[in-house]
Amino acid sequence: MHHIREDGAFTAIEKAYPGLAPALARLREEHETVSRALLDLDELLQGDGELGSAALREEFDRVAKGLEDHFAYEEANLLPALRGGGTTSP
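According to my numbering, the residues represented by the sequence shown are 1 to 90, in order.
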């Protein structure tokens, strides 16, 4: 639900800060990727137990790294504008 609500906020941010449109487009695409990755991870967790712990850990680490990268990009590109410091380039 976090990203669904955030996508709605992005529309308002984009209207107030048109220069953020490229960053917001990227973040919206990443939200779709994050949603798919979390669903895939959930399927692995709900599976029949054949997946080894090393493979599960690898998938979890991959999802966590993607989220960390996503949050870092989001903060670097949105926070300066929202704090009144202008926009950064995507």
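Even for Gly, the Cβ is constructed at its ideal location relative to N, Cα and C.
All values reported here derive from a predicted model rather than from experimental measurement.
Local Cβ density within 10 Å of residue i, reported as buried at 16 or more and exposed below that
| i | result |
| --- | --- |
| F10 | buried |
| S89 | Interpretation of S89 is limited by its pLDDT of 49, a score under 50 that renders its predicted location unreliable; the figure taken from the coordinates is listed afterwards. Classification for S89: exposed. |
| L79 | exposed |
| L20 | buried |
Range covered by the alpha helix (DSSP H) that runs through residue i
| i | result |
| --- | --- |
| R57 | S53 to L82 |
| L20 | Segment: none, L20 is in no alpha helix (DSSP H) and carries neither H nor E. |
Separation of residue j from residue i, as counted between CA atoms
| i | j | result |
| --- | --- | --- |
| L39 | A76 | 27 Å |
| L82 | A16 | 10 Å |
| E29 | G66 | 13 Å |
| V34 | E6 | 13 Å |
| L58 | E68 | In the sequence as displayed, the identity of residue 58 is Glu instead of Leu. One C-alpha to the other measures close to 15 Å. |
| D61 | P18 | 34 Å |
| E74 | L56 | 27 Å |
| A72 | L41 | 22 Å |
Contact test: residue i Cβ vs the ligand ATP heavy atom, cutoff 8 Å
| i | result |
| --- | --- |
| A81 | Absent from the structure shown: the ligand ATP. Ligands present: none. |
Stretch pair the stretch 22-30 + the stretch 38-47: three plus CB contacts closer than 8 Å: no
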